[in-house]
Amino acid sequence: MQREVRLAQRGEVARQKEIWKRCFGDDDRYIDFFYDHRYLEDQTVLLLQDGVISTMLTMIPVNIVTPDEKSFASTMLYAIATYPTMQNQGLATQ
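Heads up: the sequence shown runs through residues 0 to 93, numbered per numbering that gives the first Met the number 0.
Structure follows, in structure tokens:
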């Protein structure tokens, strides 16, 4: 079994949408809106198992502002999901 962790590449959106739908059950309109308006390949990490996209996570840049108004660049991890038949193998943890 080979595992590869890398950034998303062009042409891989359909599998990501499938994982999203299966894991979160969101309406297709919401999923399409996200991929049309927010999705960036260089902000999406994929884990492939034997060449198949198994796990995904999206990194959304955010600014955190402290009570004393200091601002820090950070990242929110979003849409962390593993295809249902591949869950419970520690893939998302990896």
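Don't be surprised by glycine CBs; every beta carbon is placed ideally from N, CA and C.
query, result
"Can you tell me the Cα-Cα spacing of THR43 and PRO66, whole angstroms?", "30 Å"
"Could you check the C-alpha separation between ALA78 and TRP19 for me, to the nearest Å?", "7 Å"
"Looking at the structure shown, is THR7 part of a helix, part of a strand, or coil, going by DSSP?", "This sequence places Ala at residue 7; Thr is not what is there. DSSP places ALA7 in coil when its eight states are reduced to three."
"Going by alpha carbons, who is nearest to PRO60 out of SER53, SER70 and THR54?", "SER70"
"So the candidates are ARG2, LEU90 and LEU6; which of them puts its Cα closest to the Cα of THR57?", "LEU6"
"Along the chain, where does the beta strand (DSSP E) containing TYR77 start, and where does it finish?", "70 to 81"
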